[in-house]
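Letter 124 of the sequence shown, counting from 1, is numbered 553 in UniProt numbering, and no numbers are missing. Cβ coordinates follow ideal geometry from the N, Cα and C atoms, glycine included. Below: one structure, written as structure tokens.
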Amino acid sequence: MSRAYDQLRFKKAVTRDGIEVDLMLNAGLLVDLPQLDLAGADGIGLFRTEFQFMVSDFMPRLEQQTDLYRKAILAAGDRPVTFRTLDLGGDKILPYIDPVPEENPAIGWRAIRIGLDRPGLMRYQLRALVAAGAGRHLRVMFPMVTTVEEMVASRALFDREIERAKTLGRELPAKVEVGVMLETPSLAWQVISVCDHADFVSVGANDLMQFFFAADRDNARVSDRYDPLSPPALSILSFIAENCRQNNTPVSVCGEIAGRPLEAACLVALGFHTLSMSATGIGPVKSTLMALNAAELRELILPNIKVTSRLS
Ligand code: PEP
Ligand code: MG
430 MSRAYDQLRF KKAVTRDGIE VDLMLNAGLL VDLPQLDLAG ADGIGLFRTE
480 FQFMVSDFMP RLEQQTDLYR KAILAAGDRP VTFRTLDLGG DKILPYIDPV
530 PEENPAIGWR AIRIGLDRPG LMRYQLRALV AAGAGRHLRV MFPMVTTVEE
580 MVASRALFDR EIERAKTLGR ELPAKVEVGV MLETPSLAWQ VISVCDHADF
630 VSVGANDLMQ FFFAADRDNA RVSDRYDPLS PPALSILSFI AENCRQNNTP
680 VSVCGEIAGR PLEAACLVAL GFHTLSMSAT GIGPVKSTLM ALNAAELREL
730 ILPNIKVTSR LS
């Protein structure tokens, strides 16, 4: 964290009109954990569990997975840690497994699709998460969910691991929250229905924007072609925030836009009060939010987008 933001480290991000915003860290490896305190993060909003698998020469064993997750929980202390189950496929390749050749990997066999087709792998990971969360607050979320049924099936796998731990007499997590990543436009249109099965929603804006604008995030020719502050983007984000608010489901954003000051200000104005980002984003975003009047910015934005209210 740059020295310019050092003095903000112990300050809460509160806008000038009094909105408290939780600024969380995106992490994935042990080396990221010191950033929790160095950057003054309010917790880990996105723990990318696939990183451990990607930097390893072989599939991490149950104990190794459990160990990493537990270290993350301990490093965060009283602050929440949200683990995302494996988001493999697409741009995330394992060196020890031959990739399945696909024409369009970003919209191919990836993330929760692999998890549900190979439930053994996913259950193994969920087992490690449940073990790591023993006696603690455990938050888990699923990536690239496109239908409510996928969320229901994923949650059922998690519940089975809780039941298994119970049957074996293991110590259970003191508190459990199971959430969904909203990173496909189809799920935005089912946000109310998926909230019936999710304790929280985390918007994966990197993928949501690539699918929304049909612009490959890994293709430099097109990845900057869209504007996440343009009316259609703000409109879908506002739709998600508003529907979650009406449903009393906590909602956050964890894509790259959450770590850019101007975009972060707009997200807060739209109603997102939890943002998760890389460590370097926390100081600049905090400084911007502390100078922001969110209600005023909201008044500027709303006439330019169509805010769709809850579907009946
Ligand atoms: C996202 O898609 O916004 C996200 C946070 O997940 P990832 O970048 O790992 O796909
Ligand atoms: Mg994603």
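The segment 436-452 and the segment 492-506 do not touch, with fewer than 3 CB-CB distances between them shorter than 8 Å. Looking at the DSSP output, V630 shares a beta bridge with V609 and V680. Between the C-alpha atoms of A505 and D446 there is a straight-line separation of about 29 Å. Sequence-distant partners of D546 (beyond 5 residues in either direction) whose C-beta falls short of 8 Å from its own C-beta, in its chain, are W538. Membership of L704 in the beta strand (DSSP E) is indicated by the continuous run T703 to M706. Here the segment 605-624 makes contact with the segment 664-680; the two share three or more CB pairs at distances below 8 Å. One alpha carbon belongs to S652, the other to D636, and they sit about 11 Å apart.
When C-alpha distances from A693 are compared across L567, P679, K440 and G710, the shortest belongs to G710. Boundaries of the alpha helix (DSSP H) around G544: I541 to D546. When DSSP reads this structure, F512 sits in a beta bridge with F476 and V569. Counting along the chain, M580 sits inside the alpha helix (DSSP H) bounded by residues V577 to T596. Residue pairing of E685 in beta bridges, as defined by DSSP: absent, with no partner found. Between the alpha carbons of A708 and Y434 lies a gap of roughly 12 Å.
For the 7 Å CB-CB criterion, L601 and T575 do not form a contact. Annotation for A724: no beta strand (DSSP E) segment contains it, though the alpha helix (DSSP H) segment containing it runs A723 to I730.
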